[in-house]
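A short worksheet on the structure shown next.
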Amino acid sequence: MAVQTQSTRASALHRLFIASPSALLRQGVRHLTRLDPSLAVIGECGQGDRLVENVGQSRPDVLLFDQGLAEGDDLKLLREVFDHHPKLRVVVLLAGEPPDDYVGRAGACGVLGFVLRQADPALLIKAVRAVVAGRVWIQRELTHRLIEDYSRAVM
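Taking the working numbering, the leading residue of the sequence shown gets 19, the next gets one more, and so forth.
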């Protein structure tokens, strides 16, 4: 049996870009993706001001965006990413309970996936696979927040 290298497997992989100010989180996700032969980390960024450029250079299928990457306004940075890369699939890693309207507004920007940082690693893999397929993935614990956000918007 031949051992596949990163380069020989590249065509069968979903290309993932990790954007997080936490080197520990980036390394952890990198390790996690090594356990799944369908995923390959092709780039990472620790600063929001370099994200659009770095994503453009690496051309990933999925951006894993850590909430708090932007010093100030994540949603503004996400809108900028989508302005330059409208077909990009994005999963946001949330530090905890998101602020009011965050999930709804991020979804309106184009984000398809939402996962809590403290989630089981298998959920992150499921979320990435779902958004690659163009499906929405919202971790169960976050659905109440989305309903609250929607309820406020229509009242």
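Positions of the beta carbon are idealized from the N, C-alpha and C atoms, including for glycine.
Can you give me the C-alpha to C-alpha distance between residue i and residue j, rounded to a whole angstrom?
i    : j    : result
L57  : R77  : 14 Å
V129 : L112 : 12 Å
F100 : G74  : 11 Å
S25  : I143 : Bear in mind that the predicted position of S25 carries a pLDDT of just 42, short of 50, making it unreliable; the figure below should be weighed with that in mind. Taking the straight line from one Cα to the other gives about 21 Å.
R163 : H49  : 30 Å
F132 : L69  : 19 Å
F93  : A151 : Note on identity: in this sequence residue 93 is Leu, with Phe being the wrong assignment. For L93 and A151, the distance between alpha carbons rounds to 23 Å.
V149 : L96  : 16 Å
D138 : V121 : 20 Å
V21  : P55  : Because the pLDDT of V21 is 30, which lies under 50, any placement of that residue in the model is unreliable, and the number read from its coordinates should be weighed accordingly. Rounded to the nearest angstrom, the two C-alpha atoms are 12 Å apart.
R123 : F83  : 15 Å
K105 : V146 : 15 Å
R158 : S169 : 18 Å
I60  : L43  : 15 Å
Where do the ends of the alpha helix (DSSP H) carrying residue i lie?
i    : result
D101 : 92-102
V73  : 69-76
Using the rule of at least 16 other Cβ atoms within 10 Å of the residue's Cβ for burial, across every protein chain shown, is residue i buried or exposed?
i    : result
S38  : buried
Q85  : buried
T161 : exposed
A41  : exposed
E62  : buried
V154 : exposed
L53  : exposed
P116 : buried
H32  : buried
May I ask you to list the residues that DSSP assigns as paired with residue i?
i    : result
H32  : L57
A176 : Given a span of 19 to 173 for the chain in the structure shown, any question on residue 176 remains unanswerable.
I143 : Per DSSP, none; premise fails for I143.
F107 : Residue identity differs from the one stated: residue 107 is Arg in this sequence, not Phe. Paired residue(s): V80.
I165 : Paired residue(s): none; I165 is not in a bridge.
Practice prompt. Go through the stretch 112-138 residue by residue and report every complete run of the alpha helix (DSSP H) that reaches 4 residues or more, in order.
Written response: 120-127
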